[in-house]
Amino acid sequence: LNMGRIVVDVDGVNLSELINKVSENGYLLRVVDKSDQHATSTPPPLTTLTCIRCSTAHITETDNAWLYSLSHQTNDDGESEWIHFTGSGYLLRTDAWS
């Protein structure tokens, strides 16, 4: 990583799928032809969420299993996703509707 920039040269990667997946997660991926070329763009506006940050080191195994299960459910209810797994804990959105 270099100030949010990553240079990748990997055979077998479908760039359109990679760009779509990155965009789905709220990030911006720009493709340039040469490694010394720079891509510039205006970053998206900052978004903040009211949430509680919870580390897996500070909860029980039972609570971790429950939160993990809830965070991996997929619903088509818009903003109902209120538990987000971060890899080392969870973000619990306090502003999401139930």
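Be aware that the sequence shown starts at 1, since it is given in UniProt numbering, and climbs by one per residue.
For each residue, glycine too, the CB sits at the ideal point set by N, CA and C.
(request) Within its chain, find whatever has a CB closer than 7 Å to the CB of Thr56; leave out the 5 residues flanking it on each side and keep chain order. (result) Against the sequence shown, residue 56 aligns to sequence position 56. Counting only Cβ-Cβ distances below 7 Å, and skipping sequence neighbours, we find Asn64, Ser88, Gly89.
(message) To the nearest angstrom, how far is the alpha carbon of Arg53 from that of Leu91?
(response) Within the sequence shown, the letter at position 53 stands for residue 53. Within the sequence shown, the letter at position 91 stands for residue 91. So the two alpha carbons sit approximately 5 Å from each other.
(message) Please state the DSSP three-state secondary structure of residue 121.
(response) Residue coverage of the chain in this structure runs from 1 to 98, which leaves residue 121 outside it and unanswerable.
(request) Sort out for me which residues DSSP pairs Ile83 with in a bridge. (result) By 1-based counting over the sequence shown, the position of residue 83 is 83. Leu92, per the DSSP bridge assignment.
(request) Could you check what DSSP says for Ile59 in three-state terms: helix, strand or coil? (result) Counting from one through the sequence shown, the residue named residue 59 turns up at place 59. Three-state result, Ile59: coil.
(message) Does Leu67 pass the burial test, meaning 16 or more other C-beta atoms within 10 Å, or should it be called exposed?
(response) The residue you call residue 67 lines up with position 67 of the sequence shown. Leu67 is buried by the Cβ-count criterion.
(message) Per the DSSP calculation, Ile52 is bridged to which residue(s)?
(response) Here residue 52 corresponds to residue number 52 of the sequence shown, with the count starting at 1. Answer is Leu92, bridged to Ile52.
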